[in-house]
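Engineer:
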Amino acid sequence: MKSLRKAPLSRRKFLASTGAAAVGVTLSGKFAMSAEDAKVNFYNWDTYIGETTLEDFTEATGVEVQYDLFADNDELFAKLKTGNPGYDLIVPTNDYVERMIQSNMLEPLDHSKIPNIANIDPVFMDPAFDPGRKYSLSYMWGTIGIGYRKSAVDSVPDSWKWLYDSDKYAGRIAMLGDGGTVLQMAMKYMGHSLNTTDPAIIKQAEEMLIKQKPYIKAFAPDNGQDLLLAGEVDLAMEWNGDILQAMEEDDDIGYVVPKEGGLLWEDTLCIPTGAPHPENAHKLINFILDPAVGADIAAFIYYATPNKAAKSLMDKDYTDNPAIFPPPDVIARSETAIYPGQKVTRLLDEAWTRVKAA
Amino acid sequence: MESWRRNPLVFAAIALPPAFWLVLFFLVPLGIVWLYSFGENIDLVTIETTWTLENYRRAGEPEIFTLFVRSLWLAGVATLVCLVVGFPIALVITTSSPKWKSWLLLLIILPFWTNLLIRTYALLNILGSRGRINEALGWLWEMGDGFLTIIGLGQLNLLGERFTPLTLLGNNFGVIFGLVYVALPFTVLPLYAALERMDRSYIEASLDLGAGQLRTFFSVIIPLASSGIVSAIIITFIPTLGSFLTPDLLGRGQVDMIANVIERQFKSANDWPFGAALSFILLYATFFALAARSLLAGRRGREDAEAF
C-alpha cells in the first residue's frame, strides 16, 4: 500500500493548468459507430483509477476499455464542446457537470442498469448541481484547504485570514492560480457564500486580494504543494489530494480546512451525449461502484470515496485521515461551487485580471 | 529565380502541397479565430458572429492596457538584454576556428533538445529562495561571517544578522531572466548568420586606416550587421511578447503578461470571443511592426541605390 501511494494523487498537478500537457494516450483510429461492439471509451484524469480496475472489468465482462486522459475540466469541456469525438464515459467535476447539463452535453443515466447505486452514501444522491442524479454519479470527492509546514506556524492556521487578510506569514503564502476559486474563497472568508454573485461583494474580494498581494509569494498554477515541499512557502491554498501527496513525502506538512469552511468538489461519472457505447458505459459505471472495486480504487488513488460499502472495506489509515475526510462540522460549513453563469464568470475573470495587473 | 515562369507545372506541383497546408491549417483556423473576435457568447458552447466591436472595446479597459504595456516593456527589455548578450556570443562564434565553430553552434542549439517546461522547472530550482544561487550566496555569507568573527568583528553584524536570500522569482527580474534564457538562441543565430556573411576586409581596412577596435565595432561591424540585428530583434521580440509559461512559473503568477489573460479566456473564463480579440490585437501590432520594418528597409534600399 505505502509504496503504491507515492506516485498517484497527482491528478491535479501542474500540467493540468498549463495546457502544455500532451499526456493522453491518443485514441487510435475512428471509433466503430455500430451500436455496442465490445468496447467502451473511457476519458479520465491521469492516475485516477485503480491499478488493475480496467483489466478486471475487461476480464469480468469481455468489454475492452480504450482509455484516454485529460488534464483538466477545461480540456474536457473544450474537447466535447464541438461534439463528442466518441467517448462513452467521462469524469467531470461538479460545476462542469452543471455546464454540460445546460449545454445538452450529457446523456441521462438509466439507474435501473446500475444496481450498485445502492452502495453510494445517500447524502451524495441529491446535489444541487444535478438534482436526483439524473446525469452524474459521484466518483470521488475532496476539499480545498490550507496545506502548511507544521514547524513554521505557531498554531494550526485554521482560518482563511492567514492567507487573505494578514501579514503574519508575509512572503510565505502560495495561492491557487485559478482566479475564480481564489476570489470565491475570499468571499467565503468575508462571511458570504462562495457562490455569491453580487458584484459589490466580488469587488470587495478583489480589493482585499490587491491589498494582500504584496504578502503573497505565488499564485501557483497548481504547484503549491511543490513550493511547500521546497520550503519556499509555509502556507499553501491547495487541493487536498495534492497536499496529501506532499504529506507522504514530508511529515512536517499538515492540511486543514479552515473554520470558515472550504470548497467541496466532487468528480462524477457521466455519459456524454452521442456516446457510441452507452450500454457498456453503464456496465463500467456499475463495475466501478462495486464495493471491492471501489475500495481498490480508493486505496490506490487515496481520494475520499462516496461509496459507503467501499469505505467500510478500507483500513483506518484511510478512513480516519483528516486530510481525506475533514471533520463533519467543517464539511457542514463548506460549499460546493455552483456554476454562476457566463455573466458572473466574466465578472470574476475581470476582477482577477485587475488583481493580476495591480 | 525566373525559372518558374518557364516550368509553371513543375512549380505548381511543388508549391501546391505547402500552399494547401498553409491555407488549411493556418489561414482557415486564423480566419475562424478572427470571426470569433467579432462574436458573442450565446450560451456556454455557442458563439455567434454578430460583428460586434464589444470585444475590441473591452481590450481598452485600464487593466488590459496595463498588461499590454507591461508585456511590451518586459519583452522589450528581454530583447535588449538578448542583443547585448547575444552579439558578443555571435561575434566569438564567427571569429573562432571552423572546428570550434561547429561545437559552439551546437551549444547554442542544445537547449532546444530539452522541453521548455523542463528547462523552466530547472530554472525554478536554480533561482528559488532555497535554490542553487541562494545556496551558494548563503555559503559565502557563512564564510564571510565566520571570517569576521575570527578577526574580532563578529558582534558588529557587518553582513547583517542573518543571511537574507535574494528574491529572484515572482518579480520582473525572474520573468526577464526566463524570457532571455528562452529567447537567446533565437537572437544569436540570425546575428551569427549576418556576421558570418560580412566581408572581413572592411574590418581590416578600418583597422588599417587608423580606427580603433571600439570605433571599428560601432562604425563598421554594427552597421554591416544591421539587417541581422533587425531580424534578431523581430524573431526575439515577437515570441517573447506572447509568453505565458514564463510569467506563470518564474513570475509566480505575480507578473502576468497579456498572454496569460488570453489563455484564461480560452480556458476558465470560457470567453473565446474576447480571447480572440486580444490575440488579434497582438497580431495586428506585430503585423504593423513588420510592415514598418519592410517600409524602412525599402526606403533605405532606395537611398543606398541613389547614393551610388
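Sequence lines, in order, name chains A and B.
Sequential numbering from 34 applies to the first sequence in the working numbering.
Sequential numbering from -9 applies to the second sequence in the working numbering.
Heads up, the beta-carbon is just placed ideally off N, CA and C, and yes, glycines get one too.
Being a predicted model, the structure only gives us computed values, none of them experimental.
1) Within its chain, find whatever has a CB closer than 6 Å to the CB of residue 287 of chain A; leave out the 5 residues flanking it on each side and keep chain order.
2) If you follow the beta strand (DSSP E) that residue 269 of chain A is part of, which residue opens it and which one closes it?
3) Against chain A, with Cβ distances strictly below 9 Å, would residue 54 of chain B count as a contact?
4) Compute the Euclidean distance between the alpha carbons of residue 6 of chain A and residue 381 of chain A, then round it to the nearest angstrom.
5) Given a threshold of 16 other Cβ atoms within 10 Å of its Cβ, counted over all protein chains shown, does residue 78 of chain A qualify as buried or as exposed?
6) How should residue 305 of chain B be labelled, buried or exposed, when 16 other C-beta atoms within 10 angstroms of its C-beta is the threshold for buried?
7) Tell me whether residue 207 of chain A sits in a helix, a strand or coil according to DSSP, three-state version.
8) Consider the Cβ of residue 373 of chain A: report whether some Cβ of chain B lies at a distance smaller than 9 Å.
9) Within the 9 Å Cβ cut-off, does residue 259 of chain B reach chain A?
10) Closer than 9 Å, Cβ to Cβ, to anything on chain A: give me those residues from the segment 242 to 257 of chain B, in chain order.
11) Below 8 Å on the Cβ atoms is my guess for residue 116 of chain B versus residue 108 of chain B; work out the distance and round it to an integer in Å.
12) Determine, using beta carbons only, whether residue 57 of chain B comes closer than 9 Å to chain A.
13) Using 10 angstroms around the beta-carbon of residue 393 of chain A, count the other beta-carbons present and answer buried if the total reaches 16, otherwise exposed.
14) How is residue 280 of chain A classed by DSSP in three states: helix, strand or coil?
15) To the nearest whole angstrom, what separates the beta carbons of residue 223 of chain B and residue 175 of chain B, a pair I think is in contact under 8 Å?
16) Based on Cα-Cα distance, which residue from A/116, A/211, A/132 and A/294 lies nearest to residue 384 of chain A?
17) Am I right that residue 262 of chain A and residue 205 of chain A are in contact with their C-beta atoms under 8 Å? What's the rounded C-beta distance?
18) Spell out whether any CB of chain A is found under 9 Å from the CB atom of residue 45 of chain B.
19) Can you tell me which of A/165, A/276 and A/157 puts its alpha carbon nearest to the alpha carbon of residue 141 of chain A?
20) Could you work out which residues of chain B lie near residue 250 of chain A, taking near to mean beta carbons separated by less than 7 Å?
21) So what does residue 171 of chain A bridge to, in DSSP terms?
22) Just checking: is the beta-carbon of residue 194 of chain B within a distance shorter than 9 Å of some beta-carbon in chain A?
23) Taking the beta carbon of residue 105 of chain B as the centre, do at least 16 other beta carbons fall within 10 Å, making it buried, or is it exposed?
24) Span of the beta strand (DSSP E) holding residue 39 of chain B?
25) Return the CA-CA distance between residue 175 of chain A and residue 128 of chain A, expressed in angstroms with no decimal places.
26) Can you pull the DSSP bridge partners for residue 253 of chain A?
27) For a cutoff of 9 Å on Cβ pairs, would you count residue 301 of chain A as touching chain B?
28) According to DSSP, is residue 139 of chain A helix, strand or coil?
29) Hey, how far is the Cα of residue 82 of chain B from the Cα of residue 205 of chain B?
30) With a cut-off of 9 Å, does the C-beta of residue 254 of chain A fall near any C-beta of chain B?
31) Label residue 367 of chain A either buried or exposed according to how many other C-beta atoms from any shown protein chain fall within 10 Å of its C-beta, with 16 as the threshold for buried.
32) Quick one: Cα of residue 186 of chain A to Cα of residue 202 of chain A, how far?
33) Return no unless some Cβ of chain B is closer than 9 Å to the Cβ of residue 185 of chain A.
34) By how many angstroms is the C-alpha of residue 75 of chain A removed from the C-alpha of residue 289 of chain A?
35) Would residue 27 of chain B pass as an interface residue toward chain A - the criterion being a Cβ-Cβ separation below 9 Å?
36) Strictly under 9 Å for the Cβ-Cβ distance: is residue 51 of chain B near chain A by that measure?
Structural biologist: Put simply:
1) Stepping through the first sequence from its first residue, residue 287 of chain A is reached at position 254. Same-chain partners within the cutoff: 181 and 183.
2) For this step, residue 269 of chain A is matched to residue 236 along the first sequence. Counting along the chain, the beta strand (DSSP E) containing residue 269 of chain A begins and ends at 268 to 272.
3) Taking the first residue of the second sequence as 1, we reach residue 54 of chain B at position 64. By this cut-off, residue 54 of chain B is an interface position.
4) Nothing in the structure corresponds to residue 6 of chain A, since chain A is present only between 34 and 391.
5) For the purposes of this step, residue 78 of chain A is taken as the residue at position 45 of the first sequence. It counts as buried.
6) Given that chain B is displayed from residue -9 to residue 298, the structure contains no residue 305 of chain B and the question cannot be resolved.
7) As a working note, residue 207 of chain A is residue 174 in the first sequence. It is a strand residue.
8) Translated into positions along the first sequence, residue 373 of chain A becomes position 340. No, residue 373 of chain A does not count as interfacial toward chain B.
9) Counted from its first residue, the second sequence places residue 259 of chain B at position 269. Chain A contact via Cβ: present.
10) Within the segment 242 to 257 of chain B, 242, 243, 244, 245, 246, 250, 251, 253, 254, 255, 256 and 257 place their CB atoms closer than 9 Å to a CB of chain A, listed in sequence order.
11) Numbered from 1 along the second sequence, position 126 holds the residue referred to as residue 116 of chain B. Numbered from 1 along the second sequence, position 118 holds the residue referred to as residue 108 of chain B. Actually they do not touch by this definition, with Cβ atoms about 13 Å apart.
12) Indexing the second sequence from 1 puts residue 57 of chain B at position 67. Closer than 9 Å: yes.
13) Nothing about residue 393 of chain A can be reported from this structure: the residues present for chain A run from 34 to 391 only.
14) As a working mapping, residue 280 of chain A is identified with position 247 in the first sequence. In the structure shown, residue 280 of chain A sits in a helix (DSSP, three-state: H, G or I).
15) Translated into the one-based positions of the second sequence, residue 223 of chain B becomes position 233. Translated into the one-based positions of the second sequence, residue 175 of chain B becomes position 185. About 15 Å separates the two Cβ atoms, so there is no contact after all.
16) Stepping through the first sequence from its first residue, residue 384 of chain A is reached at position 351. Of the candidates A/116, A/211, A/132 and A/294, the one whose C-alpha sits nearest the C-alpha of residue 384 of chain A is A/211.
17) Start at 1 with the first residue of the first sequence, and residue 262 of chain A comes out as number 229. Start at 1 with the first residue of the first sequence, and residue 205 of chain A comes out as number 172. Actually they are not in contact, since the Cβ atoms of residue 262 of chain A and residue 205 of chain A sit about 14 Å apart, beyond 8 Å.
18) Here residue 45 of chain B refers to the residue found at position 55 of the second sequence. Not one chain A Cβ lies under 9 Å of residue 45 of chain B.
19) For the purposes of this step, residue 141 of chain A is taken as residue 108 along the first sequence, with counting starting at 1. The shortest C-alpha separation from residue 141 of chain A is found at A/165.
20) Along the first sequence, one-based indexing puts residue 250 of chain A at 217. Within chain B, the residues near residue 250 of chain A are 160 and 242.
21) Taking the first residue of the first sequence as position 1, residue 171 of chain A is located at position 138. In DSSP, residue 171 of chain A forms a bridge with A/301.
22) Within the second sequence, the letter at position 204 stands for residue 194 of chain B. No, its Cβ sits nowhere closer than 9 Å to a Cβ of chain A.
23) Along the second sequence, one-based indexing puts residue 105 of chain B at 115. Exposed, by the Cβ-count rule.
24) Position 49 of the second sequence, counted from the first residue, corresponds to residue 39 of chain B. It spans 37 to 39 - the beta strand (DSSP E) in which residue 39 of chain B sits, taken as one unbroken run.
25) Along the first sequence, one-based indexing puts residue 175 of chain A at 142. Along the first sequence, one-based indexing puts residue 128 of chain A at 95. One Cα belongs to residue 175 of chain A, the other to residue 128 of chain A, and the distance between them is close to 14 Å.
26) The count along the first sequence starts at 1 and reaches residue 253 of chain A at position 220. A/209.
27) What you label residue 301 of chain A is simply residue 268 of the first sequence in a count that begins at 1. Taking Cβ atoms only, chain B never reaches closer than 9 Å to residue 301 of chain A, which makes this a no.
28) For the purposes of this step, residue 139 of chain A is taken as the residue at position 106 of the first sequence. Here residue 139 of chain A sits in strand by DSSP.
29) Here residue 82 of chain B corresponds to residue number 92 of the second sequence, with the count starting at 1. Here residue 205 of chain B corresponds to residue number 215 of the second sequence, with the count starting at 1. Taking the straight line joining both Cα atoms gives about 18 Å.
30) The sequence position of residue 254 of chain A within the first sequence is 221, counting from 1. Yes, residue 254 of chain A counts as interfacial toward chain B.
31) If you number the first sequence from 1, residue 367 of chain A lands on position 334. Looking at its Cβ environment, which holds 16 or more other Cβ atoms inside 10 Å, residue 367 of chain A is buried.
32) Taking the first residue of the first sequence as 1, we reach residue 186 of chain A at position 153. Taking the first residue of the first sequence as 1, we reach residue 202 of chain A at position 169. Cα-Cα distance, rounded: 9 Å.
33) As a first step, residue 185 of chain A must be located in the first sequence, where it is residue number 152. Chain B, which has no Cβ nearer than 9 Å to the Cβ of residue 185 of chain A, makes this no.
34) Indexing the first sequence from 1 puts residue 289 of chain A at position 256. Indexing the first sequence from 1 puts residue 75 of chain A at position 42. The alpha-carbon atoms of residue 289 of chain A and residue 75 of chain A are separated by roughly 33 Å.
35) The residue you call residue 27 of chain B lines up with position 37 of the second sequence. With 9 Å as the cut-off, residue 27 of chain B does not count as an interface residue toward chain A.
36) Here residue 51 of chain B refers to the residue found at position 61 when the second sequence is read from its first residue. Judged by the 9 Å Cβ criterion, residue 51 of chain B is in contact with chain A.
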